[in-house]
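What follows is a set of notes on a single structure, which appears directly below.
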Amino acid sequence: KPLPGKTFYVSANQAGDYLSDAMTSLSANIRRGEPEKPDEMYLHISDDGRQFWFKKDECTADFDHIRGVILQEEAKRGIHSFSLPYLAPRIYDTLLSPFGATLYRYLSVAGENEQEARSLAAIQPAYRDGAAAAVTLIANFTEKDGFHENNLMKALTDLPPFQTVEEEYFPEGGDENKASLLARLSSAGGKGKEGIAFSTGNGFIAVTPRKNGFRIIAQSYSMEAAHELCTDMKGKIRGILGENENHKTP
């Protein structure tokens with residue numbers, strides 16, 4: 008039976024095809040394309056299927072926040088072990104703490120002593136796959152009398168504020184400067200797992216190597232604070248490498 012009085016609009020791409028099929032098994036009403044009214048829920052999955060966000064009225068929830076809600080809901084239902092990429096938001100540990108749940112983290116490149124984390128991740132696709140996350144989210148807020156949209160919106164509202172910002176930095180010296188920089192950041196107190204990471208009073212920041220440069224990932228309580236962490240890290244990088252403030256980054 009379809010969910011009483013509820014229609015979900017999903018992105019009109021190949022990833023949306025998968026979501027439509029999966030949600031039909033939850034007895035949901037599915038329509039492809041943009042919603043006709045602003046108060047209807049629109050579920051969007053990226054073309055590669057990895058990212059998921061939804062929009063309703065003035066509320067837009069990104070994958071990080073959706074994943075936070077799913078983690079809490081699954082923990083409430085008695086799941087006490089979760090596995091996520093190493094650079095997933097640190098706030099997730101705080102969200103799971105009241106439930107006594109354990110959060111394992113694994114590197115993008117397989118490292119030592121990660122077998123348990125990777126085995127667990129293999130059976131928890133909702134935390135790394137957009138379509139699986141969409142299905143799990145809807146399932147968690149669906150009861151016998153239908154989909155409880157208000158409960159979902161409240162769960163999102165109740166999340167502590169957090170934002171993630173990603174930027175890139177390309178040093179002038181190429182690979183030679185990349186190795187030197189990571190070593191210097193490590194000696195300055197950074198912890199080396201996925202690149203070099205720092206925990207600060209305002210959040211978490213990581214510098215990871217990539218082709219021709221670095222990716223800087225900052226997590227904080229607001230977008231502005233996360234951008235400030237990125238700016239501060241770029242200044243530290245320039246100081247270590249002896250580059251001037253006019254060095255251009257994307």
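The opening position of the sequence shown corresponds to residue 8 in our numbering, with each subsequent residue numbered one higher. Where is the CB? At the ideal position from N, CA and C, for every residue including glycine.
Discussion item. Does K243 come out as helix, strand or coil in the three-state DSSP assignment?
Written reply: helix
Fill in: I130, enclosing beta strand (DSSP E) - first and last residue
Taken as a continuous stretch (DSSP letters only), I130 belongs to no beta strand (DSSP E), as it is neither H nor E.
Worksheet entry | Three-state secondary structure (DSSP) of F106 | helix
Worksheet item: Where do the ends of the beta strand (DSSP E) carrying H72 lie?
Response: First-last for H72: 70-83, but that is the alpha helix (DSSP H), not the beta strand (DSSP E).
Discussion item. Check whether the region 125-132 and the region 77-94 touch, using three or more Cβ-Cβ pairs below 8 Å as the test.
Written reply: yes
Worksheet item: In three-state terms, what does DSSP make of P11?
Response: Any answer about P11 is weak, because its pLDDT of 47 lies below 50 and its placement is not dependable; what the coordinates show is given next. In the structure shown, P11 sits in coil (DSSP, three-state: anything other than H, G, I, E or B).
Practice prompt. Look at the Cβ atom of G137, then the Cβ atom of F70, and state whether they are nearer than 9 Å.
Written response: yes
Worksheet item: Does the separation of the CB atoms of F61 and I77 fall below 9 Å?
Response: no
Discussion item. Considering just the uninterrupted stretch of the alpha helix (DSSP H) at I145, what are its terminal residues?
Written reply: 137-147
Item to complete: Determine which residues share a DSSP beta bridge with A225 and list them.
Response: V172, I212
Worksheet item: With burial defined as no fewer than 16 other Cβ atoms inside 10 Å of the residue's Cβ, what is the status of N219: buried or exposed?
Response: exposed
Worksheet item: Nearest-angstrom Cα distance between P11 and T149?
Response: Summary for P11: the model assigns pLDDT 47, below 50, so the residue's position carries little reliability; its value from the coordinates is reported in the next sentence. Rounded to the nearest angstrom, the two C-alpha atoms are 11 Å apart.
Practice prompt. Would you identify the three-state DSSP class for E43, choosing helix, strand or coil?
Written response: coil
Worksheet item: F177 to L236, Cα distance in whole Å?
Response: 17 Å
Fill in: Same chain only: Cβ atoms within 6 Å of Y4, ignoring 5 sequence neighbours per side
Within the shown structure, residues of the chain are numbered from 8 to 257, placing residue 4 beyond reach of any answer.
Practice prompt. Given a cut-off of 9 Å, decide if A140 and F221 are closer than it, judged by their beta-carbon atoms.
Written response: no
Discussion item. Please report the straight-line C-alpha distance between Y228 and Q170, rounded to a whole angstrom.
Written reply: 6 Å
Worksheet item: Is H266 helix, strand or coil by DSSP?
Response: No statement about residue 266 is possible, as the shown extent of the chain runs from 8 to 257 and does not include it.
Discussion item. Among P168, E65, A186, whose alpha-carbon lies nearest the alpha-carbon of K44?
Written reply: E65
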